[in-house]
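Chains Z and X are the protein sequences, given in the same order. Numbering of the first sequence is given in the numbering used here, commencing with residue 4 and proceeding in unit increments. Numbering of the second sequence is given in the numbering used here, commencing with residue 174 and proceeding in unit increments. This report refers to the structure that appears directly beneath it.
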Amino acid sequence: AQSVTQPDIHITVSEGASLELRCNYSYGATPYLFWYVQSPGQGLQLLLKYFSGDTLVQGIKGFEAEFKRSQSSFNLRKPSVHWSDAAEYFCAVGAQTNAGKSTFGDGTTLTVKP
Amino acid sequence: DTAVSQTPKYLVTQMGNDKSIKCEQNLGHDTMYWYKQDSKKFLKIMFSYNNKELIINETVPNRFSPKSPDKAHLNLHINSLELGDSAVYFCASSQAGAGIYNEQFFGPGTRLTVL
Numbered sequence: 004a005q006s007v008t009q010p011d012i013h014i015t016v017s018e019g020a021s022l023e024l025r026c027n028y029s030y031g032a033t034p035y036l037f038w039y040v041q042s043p044g045q046g047l048q049l050l051l052k053y054f055s056g057d058t059l060v061q062g063i064k065g066f067e068a069e070f071k072r073s074q075s076s077f078n079l080r081k082p083s084v085h086w087s088d089a090a091e092y093f094c095a096v097g098a099q100t101n102a103g104k105s106t107f108g109d110g111t112t113l114t115v116k117p
Numbered sequence: 174d175t176a177v178s179q180t181p182k183y184l185v186t187q188m189g190n191d192k193s194i195k196c197e198q199n200l201g202h203d204t205m206y207w208y209k210q211d212s213k214k215f216l217k218i219m220f221s222y223n224n225k226e227l228i229i230n231e232t233v234p235n236r237f238s239p240k241s242p243d244k245a246h247l248n249l250h251i252n253s254l255e256l257g258d259s260a261v262y263f264c265a266s267s268q269a270g271a272g273i274y275n276e277q278f279f280g281p282g283t284r285l286t287v288l
């Protein structure tokens with residue numbers, strides 16, 4: 004069975020500081036991995052995805068993530084955080100089947116200090 | 174153009190009532206989902222339909238019944254509403270299939286409050 008762990012429930016960073024959100028997954032084969040962002044009162048929006056190829060993937064809003072198979076991790080990074088990045092971030096692993104089921108982590112709440 | 178839309182956005186109702194939430198996607202996707210997000214923001218899948226067929230049915234009370242009249246629509250009907258049903262319900266869609274990564278597109282959510 005696939006599973007996702009986001010070890011940090013809540014992270015606070017200062018505006019302009021760098022950010023790393025952790026994600027560890029469990030999956031028997033090569034996973035499809037995603038990061039989604041949920042702004043207050045909104046639905047989830049895809050930030051970036053990985054399914055093969057270059058292990059460093061670029062996403063929208065200046066985010067990137069690195070797939071490390073040896074560590075079963077897919078951490079999200081941003082070099083300089085903006086106040087508008089304050090949101091809930093979800094890591095997800097997708098199944099390579101017709102069911103198309105994704106398993107989501109419990110989320111990390113990002114607070115940005117001025 | 175809204176890719177995945179849900180109605181209503183807010184739903185306030187009394188315990189014991191029956192209510193429905195509607196979802197439509199104009200992305201031409203084959204697969205649609207319902208998720209429940211509780212007050213702690215945990216996101217749990219409830220159902221998934223592929224081409225109008227139910228393919229995922231997580232442990233959800235029988236009071237919840239999804240209906241897919243066509244592959245662009247997936248509605249959620251809830252009978253005998255309980256306080257614990259209060260949550261935000263998200264609809265999503267994806268182009269799932271063997272060898273296709275299933276990036277999901279989410280609707281804006283329906284905030285259900287049961288009094």
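Each residue gets a CB set at the ideal place from its N, CA and C atoms; glycine is no exception.
- prompt: How should SER221/X be labelled, buried or exposed, when 16 other C-beta atoms within 10 angstroms of its C-beta is the threshold for buried?
  reply: SER221/X is buried by the Cβ-count criterion.
- prompt: Where does ASN101/Z fall in DSSP's three states?
  reply: In this prediction, ASN101/Z has a pLDDT of 48, which is less than 50 and means its spatial position is unreliable; nothing more can be read from the coordinates.
Supposed contact pair ALA90/Z and PHE37/Z - C-beta distance, whole angstroms, cut 8 Å = Rounded to the nearest angstrom, the Cβ distance from PHE37/Z to ALA90/Z is 15 Å, too far for a contact under 8 Å.
- Message: Let me confirm a value: GLU231/X is counted as buried when at least 16 other C-beta atoms fall within 10 Å, else exposed. Which label applies?
- Response: For GLU231/X, the number of other beta carbons within 10 angstroms of its own is below 16, and it is reported as exposed.
**Item:** Below-7 Å beta-carbon distance, LEU216/X vs any chain Z residue
**Value:** Yes, contact with chain Z.
With 7 Å set as the bound, which would you pick, yes or no: does the beta-carbon of GLU197/X sit closer than that to a beta-carbon of chain Z? No, because no Cβ of chain Z sits closer than 7 Å to the Cβ of GLU197/X.
For THR286/X and LYS182/X, what's the separation of their Cα atoms in angstroms? If you take the alpha carbons of THR286/X and LYS182/X, they lie about 11 Å apart.
**Asked** Is GLN210/X helix, strand or coil when you go by DSSP?
**Response** In the three-state scheme derived from DSSP, where H, G and I count as helix and E and B as strand, GLN210/X is classed as strand.
- Item | Pairwise C-alpha distance: SER241/X and LYS142/X | Shown here, chain X extends from 174 to 288; a query on residue 142/X therefore has no answer.
Self-check item: Test item: CB-CB of LEU51/Z and GLY62/Z under 7 Å
Solution: Yes, these two residues count as a Cβ contact at 7 Å.
Counting contacts by CB-CB distance shorter than 7 Å, is GLY110/Z in contact with chain X?
-> Judged by the 7 Å Cβ criterion, GLY110/Z is in contact with chain X.
Check ASP203/X in the structure and name its three-state DSSP category.
Coil.
* C-alpha distance - SER55/Z paired with CYS196/X, whole-angstrom precision -> Spanning the two alpha carbons is a distance of roughly 32 Å.
Should the stretch 246–259 of chain X be regarded as contacting the stretch 183–191 of chain X, the criterion being three or more beta carbon pairs within less than 8 Å? Here the stretch 246–259 of chain X makes contact with the stretch 183–191 of chain X; the two share three or more CB pairs at distances below 8 Å.
- Query: Helix or strand or just coil, what does DSSP make of ILE251/X?
  - Reply: Here DSSP, grouped into helix, strand and coil, assigns ILE251/X to strand.
- Measure the C-alpha to C-alpha separation of THR33/Z and VAL261/X and round it to an integer number of angstroms. A straight line joining the alpha-carbon of THR33/Z with that of VAL261/X spans about 32 Å.
Discussion item. Looking at chain X, is there any beta carbon in it that lies within less than 7 Å of the beta carbon of GLU91/Z?
Written reply: Output row for GLU91/Z: interface = yes.
Contact criterion: CB-CB distance below 7 Å. Does GLY201/X meet it with respect to chain Z? Using a CB distance cut-off of 7 Å, GLY201/X does not count as an interface residue toward chain Z.
(Q) Please report the distance separating the alpha-carbon of GLN268/X from that of THR204/X. (A) One C-alpha to the other measures close to 6 Å.
| said: So that I know if they touch, is there some Cβ in chain X lying closer than 7 Å to that of LYS52/Z? | reply: At least one CB atom of chain X sits nearer than 7 Å to the CB of LYS52/Z.
(request) Determine the chain Z residues that contact GLU276/X at a beta-carbon separation under 7 Å, and present them in chain order. (result) The contact set of GLU276/X on chain Z, defined by CB atoms closer than 7 Å, consists of PHE37, LEU49 and LYS52 in chain order.
By the 10 Å Cβ neighbour count, where 16 or more other Cβ atoms means buried, how is LEU79/Z classified, buried or exposed? With 16 or more other Cβ atoms within 10 Å, it is buried.
Item to check | Neighbour-count burial assignment, TRP86/Z, 16 or more Cβ in a 10 Å radius | outcome: Answer is exposed; the Cβ neighbour count stays below 16.
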